[in-house]
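Undergrad:
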Ligand SMILES: Nc1nc2c(ncn2[C@@H]2O[C@H](COP(=O)(O)OP(=O)(O)OP(=O)(O)O)[C@@H](O)[C@H]2O)c(=O)[nH]1
Ligand SMILES: [Mg+2]
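Numbering (full-length UniProt numbering), first residue to last: 1 to 456.
Quick look at the structure:
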């Protein structure tokens, strides 16, 4: 059931209610009734007023509901009081999302992250058990089963368990860190798919790679990042990565827990922001995604550049900054990752809607110069996907220039790098050098890749 309206003013109430329904369906709950309730003055003890609780109670009794979900945030006390008044289990949005994540997490790291987040959430609310639901549903995730003992245990036990999980996570991350190092050594550029949950990231991933990643009309179908190689027009190979979807009000415990996973995005060379353009809430969803990206520090290159330049100018005016401060500011700003916005589910649009959006794309591109790149696609039909590959390829080779290198034929690492990261236009014998036979290569490289190449 729907909680405080107005708590998230930028989300449409109907869309939000539909999303809450989707979240419940995502763990196989049957939604018998969904209602939006306007809260003018939140009650400290129960959130809702007496009359509203009566209404919920009637609806719950009529439908023999076992569980009441409040799509908002409840304090431990509110949750307990509502459970007493409604005589059934009550969970809030955070609790529900934790359940979904608990069920979905597939890797060791994902499971530990979710358990940690859940313990953190539970520590503040040691509540009654789920016995009846557990029996009915066989107890998965944290609705019952292993989570149960912790719920009933005292806080100290929870804290001990959290400490233990943190140590295990540390261990798992060290191992993953090794994997990532290895990937960083592999010279392929990385294209990361990000977006609101259910936007179509996995469908697009499958379309572009021909892989069978779980894509479903379920919120949070994907939790763990998945990587696969793709071919791009001007590049031999790139790595495409599919990531966890974002959602508004992602519980703080989960944001923290999944930060490490999301940080994979910061290692990307291009970010593809997949949007469900047919969703009425698409603008609000975009803002949520941009907020997360901003948190990760991969956003607003223009703003950052401006701020950095301004700071540099001020420093110089104050007379204590070095001559090259502005230049350094420029360089700092150029580390930002370019973003392609994909307007997905184009097939669902009415013809006139599609025409209007096409105009918007043309307008935004001319208004913002090269600042914004939008590609309309349908991951389902494949429409626009070639265009996306061309665009990604162009971004990866942006401002590329042709360089000529003479390299020892035995220097496999440098040769592999040039083939992977650049577009090799010509390759020829360059005679004997001090280290044996040499090759001359004409290669188109972006400034970013040139920097990496010279650092090899
Ligand atoms: N009509 C239409 N449906 C699409 C398109 N792309 C994806 N879908 C559907 O949207 C739903 C969600 O797709 P997913 O690819 O699982 O979405 P996701 O972004 O990976 O979602 P999470 O992993 O939950 O974050 C599925 O039912 C897809 O079939 C599209 O271009 N057109
Ligand atoms: Mg997915």
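Just so you know, even glycine gets a beta-carbon here, dropped at the ideal spot from N, CA and C.
Quick caveat: nothing in here was measured; it's all calculated off a predicted structure.
Which one of 105, 274, 243 has the shortest CA to CA distance from residue 342?
TA: For this step, residue 342 is matched to residue 342 along the chain shown. The shortest Cα separation from residue 342 among 105, 274, 243 belongs to 274.
Undergrad: What three-state label does DSSP hand residue 227 in the structure shown?
TA: In the chain shown, counting from the first residue as 1, residue 227 sits at position 227. Residue state, collapsed to three classes: strand.
Undergrad: Could you check the C-alpha separation between residue 96 and residue 449 for me, to the nearest Å?
TA: Locating residue 96 in the chain shown gives position 96, where the first residue counts as 1. Locating residue 449 in the chain shown gives position 449, where the first residue counts as 1. Looking at the two C-alpha atoms, the distance is approximately 44 Å.
Undergrad: Measure the beta-carbon distance from residue 440 to residue 430 and round it to whole angstroms, keeping in mind my assumption that it falls under 8 Å.
TA: Translated into the one-based positions of the chain shown, residue 440 becomes position 440. Translated into the one-based positions of the chain shown, residue 430 becomes position 430. Yes, they are in contact, since the Cβ atoms of residue 440 and residue 430 sit about 4 Å apart, within 8 Å.
Undergrad: Indicate, with yes or no, if ligand 2 has a heavy atom lying under 6 Å from the CB of residue 202.
TA: Translated into positions along the chain shown, residue 202 becomes position 202. Yes, since a heavy atom of ligand 2 falls inside the 6 Å radius drawn around the Cβ of residue 202.
Undergrad: Count the other CB atoms within 10 Å of the CB of residue 445; is the residue buried (16 or more) or exposed (fewer)?
TA: As a working note, residue 445 is residue 445 in the chain shown. Flag for residue 445 reads buried.
Undergrad: My guess is that residue 235 and residue 396 are in contact by the Cβ rule of under 8 Å, so how many angstroms apart are they, rounded?
TA: As a first step, residue 235 must be located in the chain shown, where it is residue number 235. As a first step, residue 396 must be located in the chain shown, where it is residue number 396. Going by Cβ atoms, the distance from residue 235 to residue 396 rounds to 6 Å, so yes, they are a contact pair.
Undergrad: Using a Cβ-based criterion (distance less than 6 Å to any ligand heavy atom), does residue 240 qualify as near ligand 1?
TA: The residue given as residue 240 occupies position 240 in the chain shown. Residue 240: no, Cβ never under 6 Å from ligand 1.
Undergrad: Along the alpha helix (DSSP H) that carries residue 337, what are the first and last residues, could you check?
TA: Counted from its first residue, the chain shown places residue 337 at position 337. No alpha helix (DSSP H) holds residue 337; DSSP gives it neither H nor E.
Undergrad: Between residue 364 and the rest of its own chain, which residues show a CB-CB distance below 8 Å, the 5 nearest in sequence each way excluded?
TA: Within the chain shown, residue 364 is the residue found at index 364, counting from 1. If we look at residue 364 and ignore the five residues flanking it on each side, its Cβ neighbours are 372, 374.
Undergrad: Spell out the partners DSSP gives residue 408 in its beta bridges.
TA: On the chain shown, position 408 is the one that residue 408 refers to. According to DSSP, residue 408 bridges with 438.
Undergrad: Across which residues does DSSP place residue 246 in a beta bridge pair?
TA: On the chain shown, residue 246 is found 246 positions in, with the first residue counted as 1. In the DSSP output, where bridge partners are listed per residue, residue 246 has 196.
Undergrad: Over what stretch of residues does the beta strand (DSSP E) that includes residue 464 continue unbroken?
TA: Examination of residue 464 is not possible in this model, given that the chain is present from 1 through 456 alone.
Undergrad: DSSP three-state call for residue 241: helix, strand or coil?
TA: Here residue 241 refers to the residue found at position 241 when the chain shown is read from its first residue. DSSP places residue 241 in strand when its eight states are reduced to three.
Undergrad: Can you list, in chain order, the residues of its chain whose CB lies under 6 Å from that of residue 189, leaving out five sequence neighbours each side?
TA: The residue you call residue 189 lines up with position 189 of the chain shown. Answer for residue 189: 238, 269, 396, listed in chain order.
Undergrad: Below 8 Å on the Cβ atoms is my guess for residue 243 versus residue 192; work out the distance and round it to an integer in Å.
TA: Here the question's residue 243 lines up with position 243 in the chain shown. Here the question's residue 192 lines up with position 192 in the chain shown. That belief holds up - the Cβ atoms of residue 243 and residue 192 are roughly 6 Å apart, short of 8 Å.
Undergrad: Where in the segment 15-87 do unbroken runs of the beta strand (DSSP E), each at least 3 residues long, occur, reported from the N-terminal end onward?
TA: Runs of the beta strand (DSSP E) inside the segment 15-87: 67-70.
Undergrad: In whole angstroms, what separates the C-alpha of residue 337 from that of residue 387?
TA: Within the chain shown, residue 337 is the residue found at index 337, counting from 1. Within the chain shown, residue 387 is the residue found at index 387, counting from 1. About 20 Å.
Undergrad: Would you identify the three-state DSSP class for residue 279, choosing helix, strand or coil?
TA: As a first step, residue 279 is located in the chain shown; it is residue number 279 there, counting from the start. Looking at residue 279 - three-state DSSP - the assignment turns out to be coil, as it is neither helix nor strand.
Undergrad: Give me, in chain order, the residues of the same chain whose beta-carbon lies closer than 7 Å to that of residue 45; leave out the 5 immediate sequence neighbours on both sides.
TA: As a first step, residue 45 is located in the chain shown; it is residue number 45 there, counting from the start. Contacts found: 77, 78, 81.
Undergrad: Within the same chain, show all residues whose beta-carbon is closer than 7 Å to that of residue 207, passing over the 5 residues directly before and after it, in chain order.
TA: On the chain shown, position 207 is the one that residue 207 refers to. Closer than 7 Å at Cβ, skipping near neighbours: 379, 382, 385.
Undergrad: Using CA atoms only, rank isn't needed, just tell me which of 412, 100, 286, 32 is closest to residue 458.
TA: Nothing can be reported for residue 458: it is not among the residues displayed for the chain, which extend from 1 to 456.
Undergrad: Taking 8 Å as the cut-off, does the segment 28-41 touch the segment 105-119 (at least 3 CB pairs, one atom from each stretch)?
TA: No, they do not touch.
Undergrad: Is there at least one non-hydrogen atom of ligand 1 closer than 6 Å to the beta-carbon of residue 245?
TA: Sequence index remark: in the chain shown, residue 245 carries index 245 (1-based). Yes; taking the cut-off as 6 Å, the Cβ of residue 245 has a heavy atom of ligand 1 nearer than that.
Undergrad: For residue 269, does the three-state DSSP call read helix, strand or coil?
TA: Residue mapping note: residue 269 aligns to position 269 of the chain shown, counting from 1. Note: residue 269 maps to coil in three-state DSSP.
Undergrad: Would you identify the three-state DSSP class for residue 456, choosing helix, strand or coil?
TA: Position 456 of the chain shown holds residue 456. Correct three-state label for residue 456: coil.
Undergrad: Taking 6 Å as the cut-off, is the beta-carbon of residue 197 closer than that to any non-hydrogen atom of ligand 1?
TA: Your numbering for residue 197 matches position 197 in the chain shown. It does: the Cβ of residue 197 is within 6 Å (strictly closer) of some heavy atom of ligand 1.
Undergrad: Would you say residue 402 and residue 442 are within 7 Å of each other, going by their C-beta atoms?
TA: Translated into positions along the chain shown, residue 402 becomes position 402. Translated into positions along the chain shown, residue 442 becomes position 442. Yes, Cβ-Cβ distance for residue 402 and residue 442 is below 7 Å.
Undergrad: Given a cut-off of 7 Å, decide if residue 209 and residue 240 are closer than it, judged by their beta-carbon atoms.
TA: By one-based count along the chain shown, residue 240 stands at place 240. By one-based count along the chain shown, residue 209 stands at place 209. Going by C-beta atoms, residue 240 is nearer than 7 Å to residue 209.
Undergrad: List the endpoints of the continuous beta strand (DSSP E) containing residue 92.
TA: Looking up residue 92 in the chain shown gives position 92. 89-92 is the span of the beta strand (DSSP E), which, as asked, contains residue 92.
Undergrad: Run through DSSP, which three-state label would residue 346 get?
TA: Position 346 of the chain shown, counting from 1, holds the residue named residue 346. Note: residue 346 maps to helix in three-state DSSP.
Undergrad: Comparing alpha-carbon positions, which option in 415, 170, 67 lies nearest residue 84?
TA: As a working mapping, residue 84 is identified with position 84 in the chain shown. The residue with the shortest Cα to Cα distance from residue 84 is 67.
Undergrad: Candidates 417, 199, 87, 74: which alpha carbon is nearest residue 345's?
TA: Against the chain shown, residue 345 aligns to sequence position 345. Comparing Cα positions, the closest option is 199.
Undergrad: Kindly indicate which three-state DSSP category residue 114 falls into: helix, strand or coil?
TA: Start at 1 with the first residue of the chain shown, and residue 114 comes out as number 114. The answer is helix: DSSP assigns residue 114 an H, G or I state.
Undergrad: Considering residue 376, what are the terminal residues of the beta strand (DSSP E) in which it resides?
TA: For the purposes of this step, residue 376 is identified with residue 376 of the chain shown, where counting begins at 1. Where residue 376 is concerned, the enclosing beta strand (DSSP E) stretches over 373-376.
Undergrad: In this structure, how does DSSP classify residue 289 when only helix, strand and coil are distinguished?
TA: Stepping through the chain shown from its first residue, residue 289 is reached at position 289. In the structure shown, residue 289 sits in a helix (DSSP, three-state: H, G or I).
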